[in-house]
Each structure stands twice: as C-alpha cells, then as structure tokens.
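Just so you know, the sequences run in chain order A and B.
Positions in the first sequence are counted from 1; adding 251 to them yields this note's numbering.
Positions in the second sequence are counted from 1; adding 251 to them yields this note's numbering.
The structure under discussion appears below in the form of structure tokens.
2 protein chains.
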Amino acid sequence: MDKTAFYDLSYGVYLCTSWDEGKPVGCVANSAMQITSQPATIAVSLNKNNYTHKAVSESGHFALTVLGEGADPALIGTFGFRTSQEFDKFAQTPYAVRGKLPVPDGGVAWFSCKVVSTMDTSTHTVFLGEVLDCGKLAKDAPMTYSYYHRVLKGKTAKNAPTYQAEEPAPAAPAPAEAKWVCSVCGYVYDGETPFEELPDSWTCPRCGVGKEFFKKQ
Amino acid sequence: MDKTAFYDLSYGVYLCTSWDEGKPVGCVANSAMQITSQPATIAVSLNKNNYTHKAVSESGHFALTVLGEGADPALIGTFGFRTSQEFDKFAQTPYAVRGKLPVPDGGVAWFSCKVVSTMDTSTHTVFLGEVLDCGKLAKDAPMTYSYYHRVLKGKTAKNAPTYQAEEPAPAAPAPAEAKWVCSVCGYVYDGETPFEELPDSWTCPRCGVGKEFFKKQ
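Laid out in structure tokens, this is it:
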C-alpha cells in the first residue's frame with residue numbers, strides 16, 4: 252500500500268462552526284462535500300476529539316465557511332490548531348450570524364446546515380447536513396488543501412482525517428542551526444532580528460499567535 | 252439561498268469502478284473524501300440511478316482512480332456520460348486489476364476499498380470504504396473539478412451531486428448559427444470543414460465518441 256496515493260485526493264479548506272450552549276465554537280475541516288441537490292445536502296467529517304464535534308452532535312446544526320486563497324492565515328491557526336474547550340476562538344475573530352449559525356468573517360461562501368444523518372467511524376463522525384441557507388461573501392478563488400500545503404506551506408492538524416498521510420517526519424536540525432518554530436502552525440522564524448529580541452507584541456506571521464507559542468528546536 | 256455558493260466547494264475528479272457479475276463497470280465521481288486514517292477509509296457518493304451504484308451495493312467493493320490534469324478526456328466522456336447498463340465502458344478502456352478491482356489506465360493514483368458502511372439520501376448513497384490497497388500511477392497533478400470546468404470547459408453529468416448548482420442554462424443559439432453539439436459531453440464543433448463532410452471515423456476531440464452522438468442545435 253503506497254499511502255502517498257492519499258496526497259492525490261482533492262479537498263477544500265473550510266471552517267466548521269456551531270453553537271455550544273450559546274457560545275460560538277468551530278474548527279478547520281477539509282473533508283466536506285455535497286452529497287445531493289434534492290434537497291441540497293453536504294457531508295462533513297469531524298474528529299471525535301474536536302470540541303466542535305460535541306457542539307454539532309448536541310445542537311444538530313453546523314455552518315461551513317469556505318476559505319479563499321487570500322484567507323488570513325490567522326483563521327487557520329486559530330481554528331485549526333487550538334481547541335474551543337480551552338480557547339475562545341471567536342474572541343479575536345469577527346463573525347456574523349448567518350442562517351442562525353456563527354459564520355467567521357473572511358470566507359468566500361457559507362452554508363448553514365441541519366444534521367439529518369450521521370455515519371460513525373473509529374475516529375470521525377460523518378455528519379450529513381441539509382443546507383438551510385447559503386451565500387457568497389467574496390469572489391476570491393476557493394483555497395484547496397493542495398494550495399494550502401504547496402503555496403502556504405501549511406501543516407496538517409493531528410485531528411484531520413488526512414493526518415497520517417500528510418505529515419512527513421521533519422529532518423532534525425543540527426544543534427548549531429537551532430530555530431524558533433511556531434508550535435501552532437509550524438512556521439519557522441527566519442527574521443534578521445534575533446527571536447529573543449522581538450517585542451512581546453510580535454505575532455506569528457502565518458497564524459497570528461504570540462511569541463509564547465514558539466519553541467526552540 | 253444563493254446556490255452559487257456551491258461552486259466554491261472543492262473536489263477532485265475520480266472514476267469509481269467495481270465488478271458487475273464478473274464484468275468491470277464504472278462511472279465518474281467527484282464527491283469522494285478520506286474520512287479517517289485509522290484504518291484508512293474513503294467515502295464516495297454515488298447516484299442511485301448509476302449502474303455502478305448497483306454493482307458497488309451488490310459486490311461490496313469499489314475502486315477509485317484519481318484522474319490527473321492530463322487525463323484523456325475520453326475517460327470522462329465514456330465514464331461520465333454513458334451508462335454501463337447499455338455500453339461496455341471497458342471495451343475501449345485498457346485497465347488492470349489492482350487490489351482485486353478493475354482500475355482503468357490513465358489515472359495518477361488508485362484505491363481499492365471494501366464497503367463497511369453506507370448512508371442513504373433521497374438520490375445518492377454515501378459508501379464508506381475501508382482502503383484495502385492503494386498506489387500511485389503517475390506524477391501528473393490531480394485534476395480538480397474546478398480545473399475540469401475552468402480549463403477543460405467540461406459539463407456536469409445529470410447524476411452528479413452537484414448537477415443543480417453547476418449547470419447554468421445555455422443561451423439559445425439563433426437559427427442562423429446552428430451548431431453541431433456533442434450530446435455526450437457538450438463539445439461544440441467549430442472546425443472549418445462542414446460537420447457533414449467530416450469522415451465517419453472522426454471522433455469528438457473532448458470525449459472520444461463518434462459523429463452519431465452529435466446533434467444539430
């Protein structure tokens with residue numbers, strides 16, 4: 252079995268959001284697809300360890316926001332590499348309630364869905380959602396997962412369905428070439444100013460988290 | 252509900268194949284995605300009117316072949332716009348048996364899957380398949396559905412989950428501008444030789460079917 256074959260499956264990059272006892276929560280999803288148009292129905296696969304999985308299960312509703320190629324990397328950093336259980340992802344993410352669900356600003360299209368069926372696997376649940384409402388937000392080209400990896404050099408979150416196939420082991424750097432690496436999104440700092448001398452207000456240019464998320468490797 | 256939002260969902264272009272009483276059958280699928288990697292599992296959505304749906308249901312197995320950007324358009328014409336019930340799609344399509352399933356030549360990767368679960372909708376069934384084996388066939392970039400529409404000017408088959416959203420009504424041509432149009436893939440003949448004078452051996456440059464599939468519009 253040559254698992255590099257999995258690299259050839261094509262996906263988009265989405266934010267899947269819902270309500271958790273009245274508070275907005277969400278995560279990055281890449282496994283989402285339309286199933287039928289009679290009525291319009293979308294399936295999304297969520298890891299059972301994602302806090303958003305609990306919110307979608309309990310509320311019976313989810314929204315999908317399609318990210319465009321020009322999406323703010325902070326959206327992926329915030330929604331893809333942190334958990335809503337410990338961190339209020341919407342505290343720093345403007346959003347609007349669309350189709351009765353929280354839809355973060357910065358996407359190109361959105362869908363609000365009502366769960367009508369589920370399919371269980373060992374690690375993920377496939378939620379089948381009837382689309383209650385949807386709309387366009389911008390004309391930017393939709394971001395594909397391939398674009399995210401190839402152009403943005405993005406990493407795969409450990410809860411993603413594709414985690415196993417997408418994550419080649421990084422080469423260990425020589426001690427003399429120690430780097431500061433963002434533990435949230437994998438960005439490697441390569442600025443001229445020594446990392447230790449950056450101001451406390453400095454944030455990761457890819458995902459927007461602060462200096463405290465960087466580790467020396 | 253602005254249904255143009257559905258254009259922003261990203262997909263690949265796949266051939267979904269199986270055995271029907273010992274004979275290979277198949278169709279084009281675009282709604283396919285990995286669900287989990289423990290064990291590696293792929294979901295594919297097939298229209299109940301597709302003959303391949305019957306074969307996958309009865310045999311409990313399917314293969315997915317990932318098409319690359321350089322795929323022969325005849326593969327899409329043959330597998331996407333004709334039915335295995337009336338037409339032997341493999342008669343003119345070389346294939347190999349990989350992972351015990353028929354895999355047409357001309358793809359970039361393949362997966363052979365055993366159905367472990369299904370999810371029903373009004374028009375489509377989502378088949379959840381555990382990947383038994385998979386491999387790479389070529390290094391060509393995988394074709395996205397967007398690429399198929401944008402670059403190849405491809406049409407959407409009526410059984411596709413995305414049919415409703417993807418098919419804007421064509422403008423009616425003026426009688427004086429009558430065109431010969433391929434009824435299989437929608438290609439409009441625009442050569443200098445009058446269509447009626449083309450040799451009988453001439454075939455559609457997009458999908459490979461013969462002159463008899465063209466209609467005057």
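Even for Gly, the Cβ is constructed at its ideal location relative to N, Cα and C.
All values reported here derive from a predicted model rather than from experimental measurement.
DSSP three-state assignment for A/A291, whether helix, strand or coil: strand
Straight-line Cα distance separating B/P353 from B/L326: 14 Å
Coarse secondary structure for B/P324, derived from DSSP in three states: helix
Interface flag, A/S288 vs chain B, CB-CB below 8 Å: yes
Three or more C-beta pairs below 8 Å linking the region 334-353 of chain A and the region 302-318 of chain A: yes
Helix, strand or coil at B/D451 [DSSP, three-state]: coil
CA-to-CA distance, A/P445 to A/P419, given in whole angstroms: For A/P419, the predicted model reports a pLDDT of 48, less than 50, meaning its position is unreliable; a value from the coordinates is still stated below. Those two C-alpha atoms are separated by around 28 Å.
Any C-beta of chain A under 8 Å from that of B/D323: no
As assigned by DSSP and simplified to three states, the class of A/E309: helix
Run of the beta strand (DSSP E) containing A/S363, from where it starts to where it stops: G358 to D371
Test: A/Q336 CB closer than 8 Å to a CB of chain B: no
Option nearest B/D441 by Cα separation, candidates B/P450, B/S452, B/A429 and B/D451: B/A429
Residues near B/T316 in its chain [Cβ-Cβ closer than 6 Å; skip 5 each side]: L266, V354, P355, G358 and W361
With 16 other Cβ atoms within 10 Å as the buried cut-off, status of B/A342: exposed
Three CB pairs or more closer than 8 Å across the region 279-291 of chain A and the region 371-386 of chain A: yes
Candidates A/M370, A/T395 and A/C364: closest to A/C385 by CA position: A/C364
Cut-off 6 Å between Cβ atoms - residues of its own chain near A/V366, not counting five sequence neighbours on either side: G311, F378 and G380
Unbroken alpha helix (DSSP H) run spanning A/Y398, endpoints: Y396 to R401
Sheet register partners of A/K387 (DSSP bridge): A/A360
Distance CB(B/V307)-CB(B/S269) smaller than 8 Å: yes
Closer than 8 Å to chain B by CB, A/Y374: For the record, residue 374 of chain A in the displayed sequence is Thr; it is not Tyr. At least one chain B Cβ lies under 8 Å of A/T374.
Residues bridged to B/T268 (per DSSP): B/G277 and B/A314
Which of helix, strand or coil DSSP assigns to A/K462: helix
Within-8 Å CB hit, A/V435 to chain B: no
Counterpart residues of B/T439 in DSSP-defined beta bridges: The sequence given here places Val at residue 439 of chain B; Thr does not occur at that position. For B/V439, which the question treats as bridged, DSSP gives the partners B/V432.
For A/R349, the residue or residues it bridges with in DSSP: A/L352
Between the CA atoms of B/G277 and B/A283 - distance to the nearest angstrom: 15 Å
Within-8 Å CB hit, A/F313 to chain B: no
Identified DSSP bridge partners for B/T376: B/L297 and B/D371
Exposure of B/T255, with buried meaning 16 or more beta-carbon neighbours within 10 Å: exposed
Partner residues on chain A for B/T444, Cβ-Cβ distance less than 7 Å: What B/T444 touches in chain A: nothing, since even the nearest Cβ is about 38 Å away.
Bridge-paired residues (DSSP) for B/M284: B/A294
Reduced DSSP category for A/K467 - H, G, I as helix; E, B as strand; rest coil: strand
Chain A contact for B/A283 (CB, 8 Å cutoff): yes
Reference A/H400, options A/K387, A/Y438, A/K390 and A/T376, closest by Cα: A/Y438
Buried/exposed call for A/A314, threshold 16 Cβ in 10 Å: buried
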